[in-house]
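In our numbering, the protein residues as written are 916 to 1266. One structure is given here, and the rest of the page talks about it.
Written as structure tokens, this is what we have:
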């Protein structure tokens, strides 16, 4: 059964206008602070400019190695004429919560808050320190959010792994469901790379094969990714284009950074299969990018994973009638709780 507090957190956050044009992210951050203060969770607010608020909360572990749970408080704007319900007010209907930010990204904010609450109530400290970071400005440039935090604090000193948004939506292939997990994003470090990114290129089968093999060797893909690519014509209604698996991926691979994610992939897929034998994990490099890139700029291992129920439509993320189902919230909370419990007591990736 879904935790009532997650529903309460999410509804209260949706009811606070933190759209791009509002310059009101600080009000959402102050709500999170109020919750954490009531739980005795150590936290600090950063407001680089008026209205642009961020919060960092910490549950200290037995050592300084840290797992960072990232999310963002700001949301896309909306045209209320295209909504069945008021986008700036949470509507609970048919075991779903409708409202701007329910999927991107206040649903994940609410789940991280619940997990932080759970951790704070445990008598025994986790092996690793857990850091919660909710930033502003993600839907724009991140200038006063994640980028500012990383440039002006020492939060990354002991961070060994970041978990955030960017993956988790399930795609049906034949009789199985593949849950995406974002291992990288295609972004440009330099102007020269940006020119390459915007240039049309022809990919031969030989080049594509080399890209797939290299991405697998470096740990950004695995055999599930290769199988999915080779059988991509069998996708259900929700699809990934074939080009996404190779177009401009060399920008990532040329950085030649090995990622030891296999033990994490194995754990997550094992937990998925315990829910349904038809559930599998799909490591991908996404063509769009998020605040995850700021951690990756600094070579911090970063995964995007916000798992949703197979029936949850994601078309409203930046569009109309954005919603998340109770089943998605319950599924995501249960799975992410197990992942955090595993990682909080495991050796985190070495940098």
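Beta carbons: idealized from backbone N, C-alpha and C, even for Gly. On a predicted model such as this, the values are computed, not experimentally measured, just so you know.
task: Using beta-carbon positions only, say whether residue 1166 and residue 1183 come within less than 8 Å of one another.
output: No.
- prompt: Per DSSP, residue 964 is paired with what?
  reply: Looking at the DSSP output, residue 964 bridges to 967.
- request: Measure the C-alpha to C-alpha separation of residue 963 and residue 1201 and round it to an integer number of angstroms.
  value: Whole-angstrom Cα-Cα distance: 30 Å.
Three-state secondary structure assigned by DSSP to residue 1200: Of the three classes helix, strand and coil, the one that applies to residue 1200 here is strand, per DSSP.
task: Report all residues from its chain with a CB closer than 6 Å to the CB of residue 1005; omit the five preceding and five following residues, and keep chain order.
output: Within its own chain, the residues whose Cβ lies closer than 6 Å to the Cβ of residue 1005, once the five positions on either side in sequence are excluded, are 926, 929, 930, 1012 and 1014, listed in chain order.
query: What are the partner residues of residue 1087, as DSSP defines its beta bridges?
result: DSSP lists 1092 as partners of residue 1087.
message: For residue 1230, tell me which candidate among 985, 1017 and 1049 has the shortest Cα-Cα distance.
response: For residue 1230, the closest alpha carbon among the candidates 985, 1017 and 1049 is that of 1017.
task: Please determine if the region 990 to 999 and the region 1062 to 1070 are in contact, where contact requires at least 3 C-beta pairs separated by less than 8 Å.
output: Contact fails: fewer than three Cβ-Cβ distances are below 8 Å.
Through-space distance from residue 1155 to residue 1261, alpha-carbon basis: Distance between the alpha carbons of residue 1261 and residue 1155: 33 Å.
task: Helix, strand or coil for residue 1028, going by three-state DSSP, please let me know.
output: It is helical.
query: Does the ligand NAD have a heavy atom nearer than 7 Å to the CB of residue 1069?
result: The ligand NAD is absent from the structure shown, which contains no ligand whatsoever.
field: Inter-residue spacing [alpha-carbon to alpha-carbon] between residue 1083 and residue 1238
entry: Rounded to whole angstroms, residue 1083 to residue 1238 spans 15 Å at the Cα level.
message: Classify residue 1091: buried if its beta carbon has 16 or more other beta carbons within 10 angstroms, exposed otherwise.
response: It counts as buried.
- prompt: Taking Cβ positions only, does residue 1078 come closer than 8 Å to chain E?
  reply: Here there is only one protein chain, and chain E is not present.
task: Inspect the beta-carbon positions of residue 1213 and residue 1078 and report whether they are closer than 8 Å.
output: Contact: no.
task: Report yes if the CB atom of residue 1098 is closer than 8 Å to the CB atom of residue 1142, and no otherwise.
output: No. Outside cutoff.
message: Distance check for residue 1047 and residue 971, CA to CA, integer angstroms please.
response: Computed Cα separation, rounded: 6 Å.
- request: For residue 1170, count neighbouring C-beta atoms within 10 Å of its own C-beta (all shown protein chains included) and say buried if the count is 16 or more, exposed if not.
  value: Counting Cβ neighbours within 10 Å, residue 1170 comes out exposed, since fewer than 16 surround it.
message: Quick check on residue 1037: buried or exposed, where buried means 16 or more other Cβ atoms within 10 Å of its Cβ?
response: Residue environment: residue 1037 is assigned as exposed (fewer than 16 neighbouring CB atoms within 10 Å of its CB, all protein chains considered).
message: Do residue 1251 and residue 921 count as a contact pair if the criterion is CB distance below 8 Å?
response: No, they are not a contact pair.
message: Using only the alpha-carbon positions, how far apart do residue 1206 and residue 1066 sit?
response: When rounded, the distance between both Cα atoms is 14 Å.
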